[in-house]
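Chains as they are written, first to last, in this note's numbering: chain Z, 35 to 325; chain Y, 24 to 589.
Below: one structure, written as structure tokens.
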Amino acid sequence: MKFAIFLGCNIPIRLKQYETSSRAVLRELGVTLVDIPEFNCCGYPLRNIDFKAFVLSSARNLALAERQNLKMMVLCKCGYGTLRMADHLMREDASLREEVNAILAKEDLKYEGNIEVKHLLTVLFRDVGIEAIKEKVIRPYENLKIATHYGCHALRPSRVVQFDDPVAPSLFDQLVEVTGAESIEWPTKLECCGGPLLGTHDELSYDFTDKKLADAKRAGAHYLTTGCTFCQVQFDTVQKVLESERGTNHHIPSILYPQLLGLCMGIDKDVLGLDSNQIDITGIEDFLGSH
Amino acid sequence: MFYTITLYVSLAIFVLGLIYRISNWFRWKIGPDDTVIATSTRISVAAKAILSTVFSAKIRILLRVFVLDVLLQGWLLKKDFLRWLAHMCIYGGFMLLLLMHGLDKLITSVLFDDYYSTLNPFMFLRDFFGLIVIVGLGIALYRRLISKAPRPKTTSVDYYAIIILAVIMISGVLLEGTKIVSHSKYQEMVEEYAGLGEEETEELRALEAYWVQKFGVVSSEVKGPFDKDTLEQGGQLHEMSCAECHSRPQWAFIGYGVAKIVRPIATPLDRGNVHTLLWYLHFLACFLGLAYLPFSKFFHIFSTPVYLLVNAVMEEGKSDPANIATRKAIQLDACTHCGDCTTRCSVAVAFNEIPNPNILPSEKLAAFRALLSRRGLSEQRLKTIQEGSYICTDCRRCTEVCPIGINLEDLWLNLERHLTGLGYPKPEAWARKAIGADFVSARLKDKTLALTPVDKGFLGELTGSAQANTFSVCFGCQNCTNVCPVVAHYENPKEVVGLLPHEIMHCLALKNRDLALGSMMLWDCLTCYICQEHCPQGVCVTDVLYELKSLALKHLKRKDLTEEAA
Numbered sequence: 035m036k037f038a039i040f041l042g043c044n045i046p047i048r049l050k051q052y053e054t055s056s057r058a059v060l061r062e063l064g065v066t067l068v069d070i071p072e073f074n075c076c077g078y079p080l081r082n083i084d085f086k087a088f089v090l091s092s093a094r095n096l097a098l099a100e101r102q103n104l105k106m107m108v109l110c111k112c113g114y115g116t117l118r119m120a121d122h123l124m125r126e127d128a129s130l131r132e133e134v135n136a137i138l139a140k141e142d143l144k145y146e147g148n149i150e151v152k153h154l155l156t157v158l159f160r161d162v163g164i165e166a167i168k169e170k171v172i173r174p175y176e177n178l179k180i181a182t183h184y185g186c187h188a189l190r191p192s193r194v195v196q197f198d199d200p201v202a203p204s205l206f207d208q209l210v211e212v213t214g215a216e217s218i219e220w221p222t223k224l225e226c227c228g229g230p231l232l233g234t235h236d237e238l239s240y241d242f243t244d245k246k247l248a249d250a251k252r253a254g255a256h257y258l259t260t261g262c263t264f265c266q267v268q269f270d271t272v273q274k275v276l277e278s279e280r281g282t283n284h285h286i287p288s289i290l291y292p293q294l295l296g297l298c299m300g301i302d303k304d305v306l307g308l309d310s311n312q313i314d315i316t317g318i319e320d321f322l323g324s325h
Numbered sequence: 024m025f026y027t028i029t030l031y032v033s034l035a036i037f038v039l040g041l042i043y044r045i046s047n048w049f050r051w052k053i054g055p056d057d058t059v060i061a062t063s064t065r066i067s068v069a070a071k072a073i074l075s076t077v078f079s080a081k082i083r084i085l086l087r088v089f090v091l092d093v094l095l096q097g098w099l100l101k102k103d104f105l106r107w108l109a110h111m112c113i114y115g116g117f118m119l120l121l122l123m124h125g126l127d128k129l130i131t132s133v134l135f136d137d138y139y140s141t142l143n144p145f146m147f148l149r150d151f152f153g154l155i156v157i158v159g160l161g162i163a164l165y166r167r168l169i170s171k172a173p174r175p176k177t178t179s180v181d182y183y184a185i186i187i188l189a190v191i192m193i194s195g196v197l198l199e200g201t202k203i204v205s206h207s208k209y210q211e212m213v214e215e216y217a218g219l220g221e222e223e224t225e226e227l228r229a230l231e232a233y234w235v236q237k238f239g240v241v242s243s244e245v246k247g248p249f250d251k252d253t254l255e256q257g258g259q260l261h262e263m264s265c266a267e268c269h270s271r272p273q274w275a276f277i278g279y280g281v282a283k284i285v286r287p288i289a290t291p292l293d294r295g296n297v298h299t300l301l302w303y304l305h306f307l308a309c310f311l312g313l314a315y316l317p318f319s320k321f322f323h324i325f326s327t328p329v330y331l332l333v334n335a336v337m338e339e340g341k342s343d344p345a346n347i348a349t350r351k352a353i354q355l356d357a358c359t360h361c362g363d364c365t366t367r368c369s370v371a372v373a374f375n376e377i378p379n380p381n382i383l384p385s386e387k388l389a390a391f392r393a394l395l396s397r398r399g400l401s402e403q404r405l406k407t408i409q410e411g412s413y414i415c416t417d418c419r420r421c422t423e424v425c426p427i428g429i430n431l432e433d434l435w436l437n438l439e440r441h442l443t444g445l446g447y448p449k450p451e452a453w454a455r456k457a458i459g460a461d462f463v464s465a466r467l468k469d470k471t472l473a474l475t476p477v478d479k480g481f482l483g484e485l486t487g488s489a490q491a492n493t494f495s496v497c498f499g500c501q502n503c504t505n506v507c508p509v510v511a512h513y514e515n516p517k518e519v520v521g522l523l524p525h526e527i528m529h530c531l532a533l534k535n536r537d538l539a540l541g542s543m544m545l546w547d548c549l550t551c552y553i554c555q556e557h558c559p560q561g562v563c564v565t566d567v568l569y570e571l572k573s574l575a576l577k578h579l580k581r582k583d584l585t586e587e588a589a
């Protein structure tokens with residue numbers, strides 16, 4: 035199992051622990067990762083601004099991975115959704131493909147459609163497999179309730195992203211439950227974290243985050259878990275902002291999925307960057323069962 | 024006279040220019056905390072800091088940085104050998120030329136009693152240093168034009184710099200070549216140094232024969248082949264009067280090569296006084312370069328070393344805030360426009376589709392400089408800077424790759440702050456306001472609409488993607504609106520978002536551009552794709568909204584252009 039890891043712009047500087055924990059977990063599970071330093075913006079931030087610029091930016095990444103005959107593994111769900119969308123559009127629309135390839139040709143790059151874009155969670159679920167993960171879990175959690183957050187751009191539009199059933203997904207729940215934790219039902223599980231409006235319409239963005247945090251808490255979750263840069267920033271950094279700006283205190287920390295998994299696999303908590311989150315998550319260790 | 028006047032005029036411009044550029048370092052206010060510190064405070068604090076640093080143990084750091092990074096350019100060597108070689112050749116060769124040849128009266132003749140520009144080793148060294156510069160320029164041109172090393176942007180500042188350097192070098196070489204073959208120059212020397220009277224025709228002829236034979240002078244009267252005796256006599260005269268201060272021109276190997284080439288047309292060149300013209304061209308180009316230096320890319324000769332030195336001795340958290348503010352300002356001038364940041368930029372690829380140079384960090388920096396140093400930038404210019412500035416993803420790659428350690432990420436954050444202060448925030452946030460005010464029909468109170476204006480061209484603009492046209496199969500079931508979390512969020516959504524998602528699809532069918540682009544729903548859309556997922560007809564609702572947002576932003580941009588034209 036070999037993938038080109040796509041980190042995007044935010045992880046290397048704002049969410050380093052997502053990268054280190056993912057690498058550590060995947061190494062344990064026998065997945066080889068290749069870094070392509072030439073990767074650029076996934077195209078997501080350009081989607082409001084210019085359609086062609088977004089496709090071009092995405093397609094350049096696809097072409098870079100394709101040149102090395104590698105499948106891509108994306109950590110961020112907005113990046114995943116965007117790259118999947120560009121891949122889909124380029125397959126469907128020959129004239130768009132031609133136009134984009136004409137620009138890529140300046141760098142001797144070409145998108146030919148022999149590429150598969152996966153997300154960290156789909157790699158874990160489909161390529162590694164629940165059984166293989168189970169074998170590596172040495173200290174399963176006990177009595178831990180997790181509010182699993184799917185993330186919009188992984189689920190929808192399902193025809194394009196093909197992550198899981200868009201209405202009744204279970205992929206992420208299964209991945210959470212293999213750690214011994216319980217993935218609880220909660221009302222806004224499949225809804226937006228509010229991230230896409232941060233910076234454009236902060237108030238509305240905060241409203242959605244507030245609502246989701248309250249929902250998860252009310253449903254009895256100890257922690258939220260995410261597999262996306264933007265969702266994690268929203269539930270971690272923005273939750274902290276909400277405390278100071280709105281005085282709302284939900285006390286529901288968010289843990290990145292590879293941190294959650296890595297801990298019960300016995301991976302060192304410094305490698306997983308447990309201390310790097312804005313809101314303290316180290317209390318989760320208390321839920322770890324005995325060997 | 025003319026020489027002296029132009030020299031002093033250009034020297035004066037040079038000095039005033041330097042003072043002006045350096046004063047910017049104390050006047051520019053980059054960060055939010057910098058506005059409270061007065062320029063005079065910044066100057067006095069900087070002066071104190073310089074003095075206390077020079078007379079402290081830190082002088083060792085300064086010396087080390089000066090030798091390794093300023094003189095030997097270690098930072099560049101670490102990055103790329105070829106680039107380092109090119110830069111060292113150009114800068115090193117040019118400095119040596121300037122010191123030995125340009126400032127010979129001030130430096131070389133003081134150091135060496137027997138200095139004559141026509142005597143070895145000086146005569147040889149002048150051409151040798153010139154060769155070094157030419158080799159450097161050759162490597163630079165190769166990298167820029169032929170090599171595949173990516174260099175996204177060569178701007179006018181680069182071209183002016185290269186052109187002035189090239190004119191100085193080429194005119195110098197041609198001047199040397201035409202002087203070697205010039206008979207009138209030869210005559211001048213004979214009159215001044217040979218000590219021969221006009222009546223000594225035989226001697227004069229012998230000397231001239233010797234110079235024609237051995238020194239490449241082209242004479243219309245004295246032509247070879249010469250007999251041995253004449254040359255011998257000429258040689259003796261040469262030894263007596265000339266050899267002491269004139270080596271053989273072959274040592275000036277580049278000029279001599281030029282002399283060889285121009286030989287056939289040497290006489291008309293001489294009669295036309297071309298060497299005098301070249302002399303004017305040569306020194307005027309030098310003076311122009313001198314006067315233009317503070318305002319050109321070459322200012323980095325001063326600013327970059329200053330920044331490297333300042334950066335080496337300043338410590339975050341310990342240094343005075345006034346000095347931190349000044350250092351931030353120096354950064355804007357320290358940029359050498361090497362383009363590394365742009366090569367590494369995560370969104371530079373978008374430049375192919377959005378040809379706004381301000382997307383590229385190397386150009387955005389220049390825009391920031393313009394924003395600070397010039398008041399009253401046109402609205403259009405500001406909007407271009409705004410667009411470019413906000414396409415940045417804050418990935419910090421530019422900062423990590425900058426060879427001289429400019430904190431670009433910090434500059435971009437401050438640029439965004441400046442732009443917001445001037446009324447140019449993030450385009451999406453800005454469009455929320457601007458667009459709402461722009462489309463009258465979106466704000467109609469009685470909600471009665473004429474079916475005109477229909478804009479048939481409008482739909483033609485929705486050609487970005489195939490999905491954008493899926494609105495046409497909408498049959499108005501309102502599923503999209505019913506599942507939309509934003510709509511559900513508001514008690515009275517229509518008052519806040521203008522049009523609901525299904526209404527926007529309907530507007531497109533009516534070709535009503537104002538309504539479709541003016542709806543606040545576009546900017547409140549979470550892009551969560553729930554609407555699109557639930558559409559029974561397969562309308563790509565979210566993707567349509569994405570495209571309408573882009574169209575709305577483009578509409579605003581175009582509107583500015585027409586206003587500007589009017």
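The beta-carbon is built from N, C-alpha and C at its ideal position, and this holds for glycine as well.
Computed from a prediction, not measured in an experiment: that's the story for all the values here.
Which listed residue (the options) has its alpha carbon closest to that of residue i
{"i": "T326(Z)", "options": "Y257(Z), G281(Z) and V272(Z)", "result": "Only positions 35 to 325 of chain Z appear in the structure, and residue 326(Z) is not among them; the question remains open."}
{"i": "Q332(Y)", "options": "P248(Y), A289(Y), T76(Y) and L523(Y)", "result": "A small fix is needed here, since residue 332(Y) is Leu in this sequence, not Gln. Nearest C-alpha to L332(Y): T76(Y)."}
{"i": "F73(Z)", "options": "E223(Y), Q273(Y) and S369(Y)", "result": "S369(Y)"}
{"i": "F269(Z)", "options": "G64(Z), K303(Z), Q312(Z) and L306(Z)", "result": "Q312(Z)"}
{"i": "V157(Z)", "options": "G113(Z), F242(Z), K36(Z) and L80(Z)", "result": "K36(Z)"}
{"i": "R286(Y)", "options": "S264(Y), L313(Y), L301(Y) and G239(Y)", "result": "G239(Y)"}
{"i": "K208(Y)", "options": "C425(Y), E221(Y) and E231(Y)", "result": "E231(Y)"}
{"i": "T504(Y)", "options": "I553(Y), V156(Y) and L254(Y)", "result": "I553(Y)"}
Cutoff 7 Å: residue i Cβ touching any chain Y Cβ
{"i": "E62(Z)", "result": "no"}
{"i": "P191(Z)", "result": "yes"}
{"i": "L90(Z)", "result": "yes"}
{"i": "K223(Z)", "result": "no"}
N- and C-terminal bounds of the beta strand (DSSP E) containing residue i
{"i": "K246(Y)", "result": "Where K246(Y) is concerned, there is no enclosing beta strand (DSSP E), given that its DSSP letter is neither H nor E."}
{"i": "I429(Y)", "result": "Careful: I429(Y) lies outside any beta strand (DSSP E) and carries neither H nor E."}
{"i": "T66(Z)", "result": "T66 to D69"}
{"i": "M106(Z)", "result": "K105 to V108"}
{"i": "R289(Z)", "result": "Looking at the sequence shown, residue 289(Z) is not Arg but Ile. Its beta strand (DSSP E) spans residues S288 to L290."}
Cutoff 7 Å: residue i Cβ touching any chain Z Cβ
{"i": "A575(Y)", "result": "no"}
{"i": "S33(Y)", "result": "no"}
{"i": "A511(Y)", "result": "no"}
{"i": "I377(Y)", "result": "yes"}
{"i": "S385(Y)", "result": "no"}
{"i": "T493(Y)", "result": "no"}
{"i": "T416(Y)", "result": "yes"}
{"i": "E451(Y)", "result": "yes"}
{"i": "R536(Y)", "result": "no"}
{"i": "L436(Y)", "result": "no"}
Delimiting residues of the alpha helix (DSSP H) encompassing residue i
{"i": "K36(Z)", "result": "That residue, K36(Z), is in no alpha helix (DSSP H); its beta strand (DSSP E) goes K36 to F40."}
{"i": "H153(Z)", "result": "Premise fails: H153(Z) lies in the beta strand (DSSP E), V151 to H153, not in any alpha helix (DSSP H)."}
{"i": "L100(Y)", "result": "G97 to K102"}
Practice task
Closer than 9 Å, Cβ to Cβ, to anything on chain Y: give me those residues from the stretch 139-165 of chain Z, in chain order.
Solution key: K140, E141 and D142
Exercise for the section: Give the residues from the stretch 51-83 of chain Z that approach chain Y closer than 7 Å (Cβ to any Cβ), ordered along the chain. Expected result: N74, C75, P79, L80, R81, N82 and I83
Problem - the stretch 130-140 of chain Y / the stretch 188-207 of chain Y touching (three or more Cβ pairs under 8 Å) - result: no
Practice task
Give the residues from the stretch 111-124 of chain Z that approach chain Y closer than 7 Å (Cβ to any Cβ), ordered along the chain.
Solution key: Residues L123.
Handout entry: Residues within the stretch 551-575 of chain Y neighbouring chain Z, beta-carbon criterion of under 7 Å
Key = C551, Y552, I553, Q555, E556, Y569, E570, K572 and S573
Practice task
Note down, in chain order, all residues in the stretch 272-286 of chain Z with a beta-carbon under 7 Å from any beta-carbon belonging to chain Y.
Solution key: So the list is empty, because no residue satisfies the distance condition.
Practice task
Count the C-beta pairs between the stretch 419-431 of chain Y and the stretch 352-364 of chain Y that are closer than 8 Å, then say yes if the count reaches three, no if not.
Solution key: yes
Practice task
Closer than 7 Å, Cβ to Cβ, to anything on chain Z: give me those residues from the stretch 355-370 of chain Y, in chain order.
Solution key: The stretch 355-370 of chain Y vs chain Z, Cβ under 7 Å: S369 and V370.
Exercise for the section: Give a yes or no on contact between the stretch 213-227 of chain Z and the stretch 146-161 of chain Z, applying the rule of three or more CB pairs nearer than 8 Å. Expected result: No, the stretch 213-227 of chain Z is not in contact with the stretch 146-161 of chain Z.
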